[in-house]
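With the working numbering applied, the sequence shown has no gaps in its numbers, which climb one by one up to 598 at the end. Using N, Cα and C, we set each Cβ at its ideal position, and we do this for glycine too. Heads up: the structure comes next, in C-alpha coordinates.
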Amino acid sequence: MRSDLFKAEYTAQPPTAAGMSLQHSKAIKYVVNGECHARQGAMVAFRGNLQFEAKSQGVGNFLKRAVTGEGLSLMAVRGQGEVWFAHLAQSCFVIELDPQDALTINGRNVLCFDPTLSYDIKMVSGAGMAGGGLFNCQFAGQGRIGLIADGDPIIIPVTSQAPVYVDTDAVVGWSSNLHTSINRSQSLKSMLRGGSGEAFQLMLQGDGFVIVQPSEAPPPPEK
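This is the structure:
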(Lines of atoms letter the chains of each structure in order from A and count residues from 1; the text may use other names and numbers.)
(Lines give C-alpha, C1' and ligand atoms only; values in the text may rest on other atoms or scores of the structure.)
Protein backbone atom coordinates (compact mmCIF):
# COMPACT_ATOMS: atom_id res chain seq x y z
CA MET A 1 0.00 0.00 0.00
CA ARG A 2 1.38 3.41 -0.96
CA SER A 3 0.33 6.91 0.09
CA ASP A 4 1.72 10.18 1.45
CA LEU A 5 -0.26 9.24 4.54
CA PHE A 6 2.53 6.83 5.48
CA LYS A 7 5.47 9.23 5.33
CA ALA A 8 7.86 9.23 8.29
CA GLU A 9 6.61 12.39 10.01
CA TYR A 10 3.15 10.83 10.43
CA THR A 11 4.34 7.38 11.52
CA ALA A 12 5.00 6.53 15.17
CA GLN A 13 8.59 5.37 15.59
CA PRO A 14 9.94 3.05 18.33
CA PRO A 15 10.92 5.06 21.43
CA THR A 16 14.61 5.79 21.94
CA ALA A 17 14.44 7.61 25.30
CA ALA A 18 11.90 8.45 27.98
CA GLY A 19 10.29 11.88 27.95
CA MET A 20 8.51 14.40 25.74
CA SER A 21 9.04 15.15 22.06
CA LEU A 22 7.08 16.49 19.10
CA GLN A 23 5.37 13.83 17.01
CA HIS A 24 4.70 16.64 14.53
CA SER A 25 3.33 20.18 14.66
CA LYS A 26 -0.09 19.07 15.96
CA ALA A 27 0.78 16.34 18.49
CA ILE A 28 3.23 15.59 21.28
CA LYS A 29 4.55 12.12 22.07
CA TYR A 30 5.49 11.24 25.65
CA VAL A 31 7.46 8.06 26.42
CA VAL A 32 6.41 7.37 30.00
CA ASN A 33 8.68 5.51 32.38
CA GLY A 34 7.05 6.36 35.68
CA GLU A 35 4.74 9.37 35.42
CA CYS A 36 3.80 12.47 33.46
CA HIS A 37 1.06 15.08 33.79
CA ALA A 38 -1.36 16.39 31.18
CA ARG A 39 -4.66 18.19 30.77
CA GLN A 40 -7.65 15.90 31.04
CA GLY A 41 -8.95 14.73 27.68
CA ALA A 42 -5.69 15.44 25.82
CA MET A 43 -4.79 11.79 25.20
CA VAL A 44 -5.49 10.74 21.60
CA ALA A 45 -3.66 7.37 21.63
CA PHE A 46 -1.36 5.23 23.75
CA ARG A 47 0.34 1.87 23.81
CA GLY A 48 1.90 -0.01 26.70
CA ASN A 49 0.95 -0.44 30.33
CA LEU A 50 -0.40 2.98 31.30
CA GLN A 51 -3.02 4.16 33.76
CA PHE A 52 -4.78 7.53 33.64
CA GLU A 53 -5.92 9.16 36.88
CA ALA A 54 -7.92 12.37 36.89
CA LYS A 55 -7.22 14.80 39.70
CA SER A 56 -10.09 17.04 40.74
CA GLN A 57 -8.00 18.46 43.58
CA GLY A 58 -4.30 19.03 43.95
CA VAL A 59 -1.77 16.95 45.81
CA GLY A 60 1.21 19.19 46.54
CA ASN A 61 2.25 21.55 43.77
CA PHE A 62 2.11 18.97 40.97
CA LEU A 63 -1.49 17.79 40.78
CA LYS A 64 -3.71 20.67 41.78
CA ARG A 65 -6.68 21.69 39.69
CA ALA A 66 -5.91 24.92 37.89
CA VAL A 67 -8.83 27.30 37.71
CA THR A 68 -7.85 29.75 34.97
CA GLY A 69 -9.72 31.83 32.44
CA GLU A 70 -11.05 28.66 30.80
CA GLY A 71 -10.15 26.16 33.50
CA LEU A 72 -7.60 23.36 33.42
CA SER A 73 -8.19 19.93 34.91
CA LEU A 74 -5.09 17.75 35.18
CA MET A 75 -4.50 14.02 35.00
CA ALA A 76 -1.53 11.85 35.92
CA VAL A 77 -0.35 9.19 33.44
CA ARG A 78 1.56 6.38 35.17
CA GLY A 79 3.34 3.23 34.06
CA GLN A 80 5.52 2.31 31.10
CA GLY A 81 4.51 3.06 27.54
CA GLU A 82 3.90 5.77 24.96
CA VAL A 83 1.09 8.32 24.90
CA TRP A 84 0.18 10.95 22.31
CA PHE A 85 -1.36 14.26 23.37
CA ALA A 86 -3.19 16.83 21.21
CA HIS A 87 -6.03 19.32 21.49
CA LEU A 88 -8.32 20.52 18.68
CA ALA A 89 -5.48 20.19 16.12
CA GLN A 90 -3.78 23.22 17.65
CA SER A 91 -0.07 23.86 17.07
CA CYS A 92 2.18 22.12 19.61
CA PHE A 93 5.51 23.25 21.05
CA VAL A 94 7.94 21.84 23.61
CA ILE A 95 9.78 24.22 25.95
CA GLU A 96 12.69 23.00 28.07
CA LEU A 97 13.22 24.84 31.35
CA ASP A 98 16.55 25.03 33.16
CA PRO A 99 16.68 25.19 36.98
CA GLN A 100 16.85 29.00 37.05
CA ASP A 101 13.91 29.46 34.63
CA ALA A 102 10.30 30.33 35.44
CA LEU A 103 7.47 30.62 32.93
CA THR A 104 3.88 31.79 33.37
CA ILE A 105 1.38 30.08 31.04
CA ASN A 106 -2.34 30.55 30.45
CA GLY A 107 -4.03 27.34 31.59
CA ARG A 108 -5.80 26.85 28.28
CA ASN A 109 -2.41 26.58 26.54
CA VAL A 110 -0.96 23.84 28.75
CA LEU A 111 -0.97 20.38 27.16
CA CYS A 112 1.44 18.27 29.26
CA PHE A 113 4.52 18.62 31.46
CA ASP A 114 7.20 16.72 33.32
CA PRO A 115 6.54 15.92 37.00
CA THR A 116 10.01 17.32 37.83
CA LEU A 117 8.64 20.85 37.38
CA SER A 118 7.17 22.76 40.29
CA TYR A 119 3.73 24.09 39.48
CA ASP A 120 1.39 26.60 41.03
CA ILE A 121 -1.60 28.80 40.25
CA LYS A 122 -0.96 32.52 40.50
CA MET A 123 -3.29 35.49 40.22
CA VAL A 124 -1.99 37.83 37.54
CA SER A 125 -0.61 40.81 39.39
CA GLY A 126 -2.50 44.01 38.69
CA ALA A 127 -5.23 42.26 36.70
CA GLY A 128 -8.06 43.27 39.02
CA MET A 129 -11.35 42.19 37.47
CA ALA A 130 -10.61 43.22 33.88
CA GLY A 131 -10.07 40.83 31.01
CA GLY A 132 -9.50 37.07 30.99
CA GLY A 133 -6.69 34.94 32.31
CA LEU A 134 -6.86 36.29 35.88
CA PHE A 135 -5.29 33.06 37.15
CA ASN A 136 -2.35 31.58 35.27
CA CYS A 137 -0.03 28.61 35.76
CA GLN A 138 3.55 29.25 36.87
CA PHE A 139 6.17 26.60 36.18
CA ALA A 140 9.71 26.52 37.53
CA GLY A 141 12.59 24.08 37.83
CA GLN A 142 14.08 21.69 35.30
CA GLY A 143 11.96 19.83 32.78
CA ARG A 144 9.78 20.17 29.71
CA ILE A 145 6.34 21.68 29.08
CA GLY A 146 4.18 20.89 26.06
CA LEU A 147 2.19 23.93 24.93
CA ILE A 148 -0.58 24.45 22.42
CA ALA A 149 -1.41 27.61 20.49
CA ASP A 150 -4.15 28.51 18.06
CA GLY A 151 -1.92 29.06 15.02
CA ASP A 152 1.72 30.09 14.82
CA PRO A 153 2.69 32.10 17.91
CA ILE A 154 4.32 35.51 18.03
CA ILE A 155 7.29 35.87 20.41
CA ILE A 156 7.70 39.52 21.44
CA PRO A 157 10.79 40.63 23.41
CA VAL A 158 10.01 42.82 26.42
CA THR A 159 12.56 45.36 27.66
CA SER A 160 12.56 47.84 30.51
CA GLN A 161 12.50 50.66 27.95
CA ALA A 162 9.63 49.22 25.87
CA PRO A 163 6.66 47.62 27.66
CA VAL A 164 4.41 45.34 25.60
CA TYR A 165 0.59 45.38 25.64
CA VAL A 166 -1.27 42.15 24.83
CA ASP A 167 -4.88 41.08 24.56
CA THR A 168 -5.70 39.00 27.63
CA ASP A 169 -7.57 36.51 25.42
CA ALA A 170 -4.63 36.07 23.03
CA VAL A 171 -1.70 35.83 25.43
CA VAL A 172 -0.16 32.36 25.83
CA GLY A 173 2.53 33.07 28.42
CA TRP A 174 5.47 35.19 29.50
CA SER A 175 8.69 35.24 31.50
CA SER A 176 7.64 35.04 35.13
CA ASN A 177 9.99 37.84 36.18
CA LEU A 178 8.01 40.41 34.17
CA HIS A 179 5.79 42.90 35.99
CA THR A 180 2.13 42.82 34.91
CA SER A 181 -0.66 45.36 35.13
CA ILE A 182 -3.85 46.23 33.28
CA ASN A 183 -3.81 49.05 30.75
CA ARG A 184 -7.00 50.84 29.70
CA SER A 185 -6.71 52.08 26.14
CA GLN A 186 -10.16 53.63 25.79
CA SER A 187 -11.72 56.54 27.59
CA LEU A 188 -14.92 56.05 29.55
CA LYS A 189 -16.74 58.17 26.96
CA SER A 190 -15.57 55.89 24.14
CA MET A 191 -16.60 52.79 26.09
CA LEU A 192 -20.08 54.20 26.70
CA ARG A 193 -20.43 54.73 22.94
CA GLY A 194 -19.69 51.09 22.27
CA GLY A 195 -15.91 51.28 22.02
CA SER A 196 -13.65 49.28 19.76
CA GLY A 197 -13.79 46.03 21.73
CA GLU A 198 -10.18 46.56 22.85
CA ALA A 199 -10.75 48.38 26.13
CA PHE A 200 -8.21 46.58 28.32
CA GLN A 201 -4.83 44.95 27.71
CA LEU A 202 -2.27 43.22 29.88
CA MET A 203 0.85 45.39 30.13
CA LEU A 204 4.19 43.60 30.65
CA GLN A 205 7.30 45.44 31.81
CA GLY A 206 10.86 44.36 32.56
CA ASP A 207 13.27 42.14 30.65
CA GLY A 208 11.99 38.94 29.08
CA PHE A 209 9.49 37.85 26.44
CA VAL A 210 5.78 37.27 25.91
CA ILE A 211 4.12 34.60 23.73
CA VAL A 212 0.95 35.60 21.86
CA GLN A 213 -1.25 33.45 19.62
CA PRO A 214 -2.85 35.00 16.51
CA SER A 215 -6.32 34.27 17.82
CA GLU A 216 -8.53 35.30 20.70
CA ALA A 217 -10.15 32.70 22.91
CA PRO A 218 -13.77 32.01 21.92
CA PRO A 219 -16.36 33.51 24.29
CA PRO A 220 -17.89 31.14 26.85
CA PRO A 221 -21.14 29.46 25.78
CA GLU A 222 -24.33 31.18 26.80
CA LYS A 223 -26.19 29.56 29.65
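- Three or more beta-carbon pairs drawn from the segment 460 to 477 and the segment 410 to 417 are found closer than 8 Å, and the two stretches are therefore classed as touching.
- Residue environment: Y494 is assigned as buried (16 or more neighbouring CB atoms within 10 Å of its CB, all protein chains considered).
- Excluding residues up to 5 positions away in sequence, R519 lie with their Cβ nearer than 6 Å to the Cβ of E471 in the same chain.
- In this structure L486 is not in contact with A515, their Cβ atoms being roughly 18 Å apart against a cut-off of 8 Å.
- For Y385, there is no enclosing beta strand (DSSP E), since its DSSP letter is neither H nor E.
- If you draw a 10 Å sphere on the C-beta of P528, you find 16 or more other C-beta atoms in it, and that means buried.
- Look at G482 here: in three-state DSSP terms it is helix.
- In this structure, the CA atom of A545 is about 17 Å from the CA atom of Q513.
- In terms of Cβ geometry, I403 and V469 form a close pair [threshold 9 Å].
- Here V539 has I531, V533, L579, V585 as same chain residues with Cβ atoms under 7 Å from its own Cβ, once five neighbours each way along the sequence are excluded.
- A537 sits in a strand when the DSSP states are folded into three classes.
- DSSP lists no beta-bridge partner residue for D473.
- I480 has its alpha-carbon roughly 10 Å from the corresponding atom of I523.
- Here L380 is exposed, its C-beta having fewer than 16 other C-beta atoms within 10 Å.
- Minimum Cα-Cα distance from S551 among the listed residues F421, V587, N511 corresponds to N511.
- Shown here, G516 sits in coil according to DSSP, grouped into three states, outside any helix or strand.
- When the beta-carbon positions are compared, M450 and F427 come within less than 9 Å of each other.
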